[in-house]
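K.L.:
The structure follows.
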């Protein structure tokens, strides 16, 4: 997974706490996105960005906030953590908005538990 | 909306044998892309193979091949000569257009266990 770095890898939060999952890529990719993975449901899109200053919602955006101030970084903020947000989070990036071939790069995942 | 269906929650295969993981998809788009990813127990998503809807030949990558049957809307992954290291979760995914970009729509996954 060269090029997409996610931190932290593991995190335990208490209900109501806020935190930020960091994602950075050094490949000058314009397209970045966040997915969450839950058992039996594959990965689902939370938010995505097509360039600095441009973000939009995916299919499960509630409880999350994003911003894209630079090309390299796309942080995901949990505003007030809930147990339903216990999941594995993946950041992905791509050179262009048109996915094709193996041009999608995933981070290594962030395991979040909300108690 | 597009949908990916993987009907096999879990599969077993004997080492050195071939195995087919099923994937069917539903889309009204003429142009689309299909992906397979491997997720080992360590959790990372590993790209395996890609098939474009206009590709005339089935995609192959080493021991992985994609059996693409467009009329049936199926994109099955074939792993030849299974190895113990192939034990993992496997996801089929499809590219879906959004207003400003694309996203991947994933199936629920198939857990593959290779027996020695």
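Protein chains in written order, with my numbering: chain R, -7 to 107; chain X, 5 to 120. Note that beta-carbon positions come from the ideal geometry of N, C-alpha and C, so glycine has one too. All figures in this text were calculated on a predicted structure; none of them were measured in a lab.
Check whether the Cβ of residue 79/X lies closer than 8 Å to any Cβ atom in chain R.
P.N.:
Translated into the one-based positions of the second chain, residue 79/X becomes position 75. No, no contact with chain R.
K.L.:
My parser needs the alpha helix (DSSP H) runs of 4 or more residues fully inside the region 69 to 111 of chain X; what are they?
P.N.:
Qualifying alpha helix (DSSP H) stretches: none in this window.
K.L.:
Look at residue 41/R and residue 60/R and say whether their C-beta atoms are less than 8 Å apart.
P.N.:
As a position in the first chain, residue 41/R is number 49, starting the count at 1. As a position in the first chain, residue 60/R is number 68, starting the count at 1. Yes, Cβ-Cβ distance for residue 41/R and residue 60/R is below 8 Å.
K.L.:
Can you tell me whether residue 76/X is buried or exposed, with buried defined as 16 or more other CB within 10 angstroms of its CB?
P.N.:
What you label residue 76/X is simply residue 72 of the second chain in a count that begins at 1. When all chains shown are included, residue 76/X counts as exposed.
K.L.:
Could you compute how far the alpha carbon of residue 97/X sits from the alpha carbon of residue 84/X?
P.N.:
If you number the second chain from 1, residue 97/X lands on position 93. If you number the second chain from 1, residue 84/X lands on position 80. C-alpha separation (whole angstroms): 21 Å.
K.L.:
Going along chain X in order, which residues have a C-beta closer than 9 Å to the C-beta of residue 23/R?
P.N.:
Taking the first chain and counting its residues from 1, one reaches residue 23/R at position 31. Going along chain X in sequence order, the residues near residue 23/R (Cβ under 9 Å) are 105, 106.
K.L.:
Less than 8 Å between CB atoms is the rule here; does residue -7/R satisfy it with respect to chain X?
P.N.:
As a first step, residue -7/R is located in the first chain; it is residue number 1 there, counting from the start. With a pLDDT of 46 at residue -7/R, under the threshold of 50, the predicted position of this residue should be treated as unreliable, though the coordinate-derived value follows. Yes, its Cβ sits closer than 8 Å to a Cβ of chain X.
K.L.:
Would you list the one or two residues that DSSP bridges to residue 80/R?
P.N.:
Counting from one through the first chain, the residue named residue 80/R turns up at place 88. Note: residue 80/R sits in a beta bridge opposite 29/R, 103/R.
K.L.:
Quick one: using the 10 Å Cβ neighbour count with 16 as the cut-off for buried, is residue 99/X buried or exposed?
P.N.:
The sequence position of residue 99/X within the second chain is 95, counting from 1. With 16 or more Cβ atoms within 10 Å of its Cβ, residue 99/X is classed as buried.
K.L.:
What's the call for residue 2/R, buried or exposed, on a 16-neighbour Cβ count within 10 Å?
P.N.:
As a working note, residue 2/R is residue 10 in the first chain. Looking at its Cβ environment, which holds fewer than 16 other Cβ atoms inside 10 Å, residue 2/R is exposed.
K.L.:
Report the partner residues of residue 21/R according to the DSSP bridge assignment.
P.N.:
The sequence position of residue 21/R within the first chain is 29, counting from 1. DSSP, once it has assigned bridges, lists no residue as partnering residue 21/R.
K.L.:
Please identify the residue among 82/R, 71/R, 99/R, 75/R whose C-alpha is closest to the C-alpha of residue 11/R.
P.N.:
Locating residue 11/R in the first chain gives position 19, counting from the first residue. If we check each option's Cα against that of residue 11/R, 71/R comes out closest.
K.L.:
With residue 58/R as the anchor, note down where its beta strand (DSSP E) starts and where it stops.
P.N.:
Position 66 of the first chain, counted from the start, is the residue given in the question as residue 58/R. 56 to 58 is the span of the beta strand (DSSP E), which, as asked, contains residue 58/R.
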